[in-house]
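Okay, so here's the structure we're looking at.
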Amino acid sequence: MRTIPKTLVVDDSSAVSNMVVQMLKQLGIHDTTQAGNGLNAIKSFKNASLAGTPFELVLLDLMMPAMDGQTTLKILRSFEKHSHVAAENAAVIIIMTSCDSPVDMVDAIQSDCSDYLVKPVSEPMLRSVLSKYIVIS
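Read the sequence shown against the working numbering and you will find it ends at 137, with the numbers running on by one and no gaps.
Written out as structure tokens, the structure reads:
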């Protein structure tokens with residue numbers, strides 16, 4: 001189990017992103033960075049990794065303009081693979097989705113994400129999912 005991870009929150013809605021950051025703070029996770037789209041998320045993820053301070057947790061919106069969460073996820077995982085990141089050190093990437101269609105959910109779950117959250121995200125829901133991967137205060 002990881003302790004208080006460096007976290008990247010990716011959502012095109014600043015209201016959602018800010019709300020998730022506030023919930024993370026309530027759970028004791030203060031080292032957060034926000035990205036408003038997949039392209040900025042990839043840049044932040046790569047820069048942090050190359051600086052030796054990789055993100056350990058990523059909360060990634062599934063549906064975003066410019067680059068969706070699925071594409072972003074594939075690029076992040078590819079970067080980790082090409083950087084020879086060991087599986088146990090790979091980021092925990094949790095997809096956040098407002099999809100309520102079973103087909104859309106299956107696509108999200110079958111991707112290379114660690115887990116998923118259905119929006120609107122609540123603090124108990126976030127706590128429950130995160131507690132599988134990190135130590136929550």
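For each residue, glycine too, the CB sits at the ideal point set by N, CA and C. Since the structure is predicted, the reported quantities are computational estimates derived from the model, not experimental observations.
Cβ shell of residue i (< 7 angstroms), same chain only, five flanking positions each side left out
i: Ser-137; result: Leu-27, Gly-28
i: Val-85; result: none
i: Val-129; result: Ile-94, Asp-115, Leu-117
Cβ pair residue i, residue j closer than 8 angstroms
i: Ser-44; j: Ala-35; result: yes
i: Leu-60; j: Thr-72; result: yes
i: Asn-49; j: Ser-83; result: For the sequence presented, residue 49 should be read as Ser rather than Asn. For Ser-49 and Ser-83, yes; Cβs fall inside 8 angstroms.
i: Phe-79; j: Lys-6; result: no
Residue i (DSSP reduced to helix, strand or coil)
i: Leu-117; result: strand
i: Leu-130; result: helix
i: Leu-62; result: coil
i: Ile-199; result: The question about residue 199 has no answer here: the residues shown for the chain are numbered 1 through 137.
i: Ala-35; result: strand
i: Leu-8; result: strand
i: Val-135; result: strand
i: Leu-27; result: coil
Residue i - containing alpha helix (DSSP H), residue span
i: Gly-69; result: 69 to 82
Sequence-distant residues of its chain with Cβ nearer than 6 angstroms to residue i (five each side left out)
i: Leu-157; result: Only positions 1 to 137 of the chain appear in this structure, which leaves residue 157 out of reach.
i: Val-58; result: Leu-8, Ala-91, Ile-93
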